[in-house]
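A.B. asks: Submitted below is the structure of interest, expressed as structure tokens.
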Ligand code: GDP
Ligand code: MG
């Protein structure tokens with residue numbers, strides 16, 4: 006992680022998780038500071054998209070993130086496998102309003118990433134907290150402790166809750182993954 010002044014560090018970040026948890030919205034908010042409602046056609050089109058953005062870690066230390074948005078759809082499984090290799094870190098997303106999407110972190114996403122990218126640092130992100138914050142009824146939302154335990158139990162680096170809709174903690178997610186990815190090498 007040494008860097009001569011002016012030299013640019015580059016890191017590849019994969020973003021995975023079930024379809025519909027908000028991966029594309031999260032990346033889009035990070036890129037543009039804006040949230041758009043998606044049509045189904047649009048989120049299929051986002052299955053294999055690469056965004057890049059320069060992140061400032063601290064004074065004079067910057068990292069260019071190449072962010073791989075991978076659709077969670079089963080039909081893209083063979084494409085996802087082409088996309089992962091050489092990732093430096095992964096953001097595994099679920100939605101706090103969908104407890105199945107949290108269970109699939111353990112069932113599908115952690116094993117898939119460990120198989121294809123052994124030893125990769127994994128950050129767990131619980132998205133759509135705005136829905137939990139504004140809920141009028143006590144629905145079965147995933148609680149902060151559930152996410153934290155999932156991260157701990159699967160040796161993930163951290164757990165962060167965010168809202169791609171309101172922008173809450175979105176910058177924190179990418180700042181954190183940038184630090185983790187840079188530290189790795
Ligand atoms: P992806 O399949 O994981 O890429 O999910 P998308 O980004 O396409 O989002 C799926 C749906 O959830 C869309 O209708 C989004 O507008 C919505 N969505 C995404 N993030 C949030 C969020 O933080 N809060 C709320 N309320 N809705 C969200
Ligand atoms: Mg998407």
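Numbering (UniProt numbering), first residue to last: 6 to 190. Ideal Cβ positions, reconstructed from N, Cα and C, are used throughout, including at glycine. The model shown is predicted, which means the values in this text are computed figures rather than measured ones.
Express the C-alpha separation of residue 190 and residue 16 in angstroms, rounding to a whole number.
C.D. replies: 10 Å
A.B. asks: Look at the alpha carbon of residue 109 and the alpha carbon of residue 72, and state the distance between them as a whole number of angstroms.
C.D. replies: 22 Å
A.B. asks: Are residue 163 and residue 122 closer than 7 Å when you measure CB to CB?
C.D. replies: no
A.B. asks: Using a threshold of 7 Å, state whether the C-beta atoms of residue 28 and residue 74 are closer than that.
C.D. replies: yes
A.B. asks: Between 41, 130, 19, 88, which has its C-alpha nearest residue 95's C-alpha?
C.D. replies: 19
A.B. asks: For residue 136, collect the residues of the same chain with a Cβ closer than 6 Å to its Cβ; drop the 5 residues on either side in sequence, then sort them by chain order.
C.D. replies: Beyond the five residues adjoining it in sequence on each side, residue 136 comes within less than 6 Å, by CB distance, of 102 in the same chain, given in chain order.
A.B. asks: Looking at residue 169 and residue 34, is the spacing between their C-beta atoms short of 7 Å?
C.D. replies: yes
A.B. asks: Could you name the residues of the same chain whose beta carbon sits closer than 6 Å to that of residue 59, not counting the 5 residues immediately before and after it, in chain order?
C.D. replies: 67, 69
A.B. asks: From residue 146 to residue 106, what distance separates their C-alpha atoms?
C.D. replies: Their Cα atoms are separated by approximately 11 Å.
A.B. asks: If you follow the alpha helix (DSSP H) that residue 75 is part of, which residue opens it and which one closes it?
C.D. replies: First-last for residue 75: 66-75, but that is the beta strand (DSSP E), not the alpha helix (DSSP H).
A.B. asks: Can you list, in chain order, the residues of its chain with a C-beta nearer than 6 Å to that of residue 61? Leave out the 5 residues immediately preceding and following it.
C.D. replies: 67
A.B. asks: Kindly examine ligand 1 and report whether one of its heavy atoms sits closer than 6 Å to the Cβ of residue 178.
C.D. replies: no
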